[in-house]
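Under my numbering, the residue at position 94 of the sequence shown is numbered 102, and the numbers go up by one with no gaps. We put the beta carbon where it would ideally sit given N, CA and C, even for glycine.
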Amino acid sequence: MKLVIVDYGSGNLRSVENALKTAAHDAGLPHQVMVSSSPDVVASADYLVLPGVGAFADCKKNLANINGMIDAITDVAIAQNRPFLGICVGMQLLAEYGEEGGVTTTGLGWMSGGITRMTPMMDNRPLKVPHMGWNRLTISAAFADDNLFDGCDDNSRVYFLHGYHLTGGDDKQIAARTDYGGHIVAAVKRDNVTGLQFHPEKSQKIGQRILSNWLSYAP
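Next up, the structure:
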């Protein structure tokens with residue numbers, strides 16, 4: 009099985025690549041893990057990962073600047089229903105739009121809702137943005153038996169680093185939340201498409217377990 013990590017100029021992908029290789033090994037799955045900026049290679053993926061760090065608009069622009077890339081990932085994930093994973097901004101790009109600096113940028117539109125700036129409050133005081141560090145997952149009841157979270161519970165802690173979050177989306181797509189001055193969407197899932205706002209590659213054993221669980225989905 010070929011697992012392709014999309015390289016579109018959004019950050020260092022080595023840690024994501026290494027985490028996925030470890031997850032495949034731990035799960036006993038014979039996956040070939042590779043990083044590619046070629047739409048042709050992406051189109052041949054059995055499993056597809058879209059990472060991302062930075063600004064929503066910049067990431068969308070970088071993706072669109074690679075001729076045929078958006079068509080390739082859409083074909084793999086939507087037309088062929090192969091397992092797809094978006095991480096951090098890669099998850100955010102699944103939304104209908106992203107707002108930043110007074111500018112609205114169209115997303116892929118695979119998940120409902122938009123990406124807006126966080127305004128977390130606690131005891132009538134604003135919390136620091138970005139939301140950075142370890143926080144607990146609260147798994148949505150509808151996803152309690154989903155294999156993605158096998159081995160996880162509401163005490164599982166994962167690593168976040170983001171200043172924007174998904175709002176206004178359909179509750180049925182929200183697989184997990186966290187709390188940071190209010191509810192924050194931590195994971196979304198619809199059919200074969202999964203998005204993680206947190207960084208599984210930085211989330212130690214729980215992150216590796218979630219990646220291994222995702223790799224167990226049949227393409």
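### Message
In the DSSP output, which residue or residues are listed as bridge partners for LEU56?
### Response
Within the sequence shown, residue 56 is the residue found at index 48, counting from 1. Bridge partners of LEU56: VAL12, PHE92.
### Task
Select from ALA184, ARG185, ILE74 the residue whose C-alpha is nearest the C-alpha of SER46.
Here residue 46 corresponds to residue number 38 of the sequence shown, with the count starting at 1. The shortest Cα separation from SER46 among ALA184, ARG185, ILE74 belongs to ILE74.
### Query
Tell me which same chain residues have a C-beta within less than 7 Å of the C-beta of PHE206, skipping the five on either side of it?
To locate residue 206, count along the sequence shown from 1; it is residue 198. For PHE206, where only same-chain residues beyond five positions count, the Cβ hits under 7 Å are VAL166, TYR167, PHE168, ALA194.
### Query
How many whole angstroms separate the CB atoms of THR124 and TYR55, which I take to be in contact at a CB cut-off of 8 Å?
Here residue 124 refers to the residue found at position 116 of the sequence shown. Here residue 55 refers to the residue found at position 47 of the sequence shown. TYR55 and THR124 do not touch by the CB rule: their CB atoms are close to 30 Å apart, not below 8 Å.
### Query
Out of ALA53, ASN26, SER23, SER18, which has the shortest C-alpha to C-alpha gap to LEU11?
For this step, residue 11 is matched to residue 3 along the sequence shown. LEU11 has its Cα closest to that of ALA53, out of ALA53, ASN26, SER23, SER18.
### Query
If we ignore side chains and look at the alpha-carbon of each, how far apart do PRO134 and GLY76 end up?
Translated into positions along the sequence shown, residue 134 becomes position 126. Translated into positions along the sequence shown, residue 76 becomes position 68. C-alpha separation (whole angstroms): 42 Å.
### Query
Does the distance from the CB of ILE78 to the CB of VAL43 come in under 8 Å?
Taking the sequence shown and counting its residues from 1, the one referred to as residue 78 is at position 70. Taking the sequence shown and counting its residues from 1, the one referred to as residue 43 is at position 35. Cβ distance not < 8 Å, so ILE78 and VAL43 don't count as in contact.
### Query
For the putative contact between ARG90 and VAL84, defined by C-beta atoms under 8 Å, what is the C-beta separation to the nearest angstrom?
Translated into positions along the sequence shown, residue 90 becomes position 82. Translated into positions along the sequence shown, residue 84 becomes position 76. Yes, they are in contact, since the Cβ atoms of ARG90 and VAL84 sit about 5 Å apart, within 8 Å.
### Query
Out of ALA51, GLY115, LEU21, ILE147, which has the shortest C-alpha to C-alpha gap to GLN181?
For the purposes of this step, residue 181 is taken as residue 173 along the sequence shown, with counting starting at 1. The residue with the shortest Cα to Cα distance from GLN181 is ILE147.
### Query
Nearest to LYS219 by alpha carbon, out of ASP15, ASN26, GLY19, ASN20?
Position 211 of the sequence shown, counted from the start, is the residue given in the question as residue 219. One point to set straight first is that residue 219 is Leu, not Lys, in the sequence displayed. Comparing Cα positions, the closest option is ASN26.
### Query
Cβ atoms of SER164 and ARG185: under 8 Å apart, would you say?
Here residue 185 is taken as the residue at index 177 of the sequence shown, counted from 1. Here residue 164 is taken as the residue at index 156 of the sequence shown, counted from 1. It is not a contact, given that the beta carbons lie outside the stated cut-off.
### Task
Please list, in chain order, all residues of the same chain as MET99 whose beta carbon is under 7 Å from its beta carbon, the five residues on each side excluded.
Against the sequence shown, residue 99 aligns to sequence position 91. So the qualifying residues of the chain are VAL196, GLY203, LEU204, GLN205.
### Message
Going by DSSP in three states, LEU174 sits in which element: helix, strand or coil?
### Response
Numbered from 1 along the sequence shown, position 166 holds the residue referred to as residue 174. Note: LEU174 maps to strand in three-state DSSP.
### Residue of ILE86, VAL41, LEU21, GLN88 minimising C-alpha distance to GLY60
Numbered from 1 along the sequence shown, position 52 holds the residue referred to as residue 60. When each option's Cα is compared against that of GLY60, the closest is LEU21.
#### Entry: Identified DSSP bridge partners for MET42
If you number the sequence shown from 1, residue 42 lands on position 34. DSSP, once it has assigned bridges, lists VAL12 as partnering MET42.
### Task
Give, in chain order, every unbroken run of the beta strand (DSSP E) that is at least 3 residues long and sits entirely within the region 116 to 186.
122 to 125, 139 to 144, 165 to 170, 172 to 175
### Query
Which same chain residues, not among the five before or five after SER211, have their C-beta less than 7 Å away from its C-beta?
For the purposes of this step, residue 211 is taken as residue 203 along the sequence shown, with counting starting at 1. Taken in chain order, the residues that qualify are VAL166, TYR167.
### Task
Could you spell out where the alpha helix (DSSP H) holding ALA80 opens and where it closes?
Numbered from its first residue, the sequence shown carries residue 80 at position 72. Here the alpha helix (DSSP H) through ALA80 covers 77 to 82.
### Task
State the Cα-Cα distance for the pair GLN88 and GLY106, rounded to the nearest angstrom.
Here residue 88 corresponds to residue number 80 of the sequence shown, with the count starting at 1. Here residue 106 corresponds to residue number 98 of the sequence shown, with the count starting at 1. Approximately 26 Å, taken between the alpha carbons.
### Query
Mind checking LYS136: buried by the 16 CB within 10 Å criterion, or exposed?
Locating residue 136 in the sequence shown gives position 128, counting from the first residue. The residue is exposed, with fewer than 16 neighbouring Cβ atoms inside 10 Å.
### Message
Can you find the residues in the same chain that come closer than 7 Å, C-beta to C-beta, to ASP29, ignoring five residues on each side of it along the sequence?
### Response
Sequence index remark: in the sequence shown, residue 29 carries index 21 (1-based). In the sequence as displayed, the identity of residue 29 is Lys instead of Asp. Excluding residues within five positions, the ones whose Cβ falls inside 7 Å are VAL41.
### Query
Going by beta carbon distance, what residues of the same chain come within less than 7 Å of ILE81, once the five residues before and after it are set aside?
By one-based count along the sequence shown, residue 81 stands at place 73. The residues are VAL14, VAL50, LEU56, LEU58.
### Query
Looking at the unbroken beta strand (DSSP E) that takes in HIS191, where does it start and where does it end?
The count along the sequence shown starts at 1 and reaches residue 191 at position 183. Run containing HIS191: 191 to 198, per the beta strand (DSSP E) assignment.
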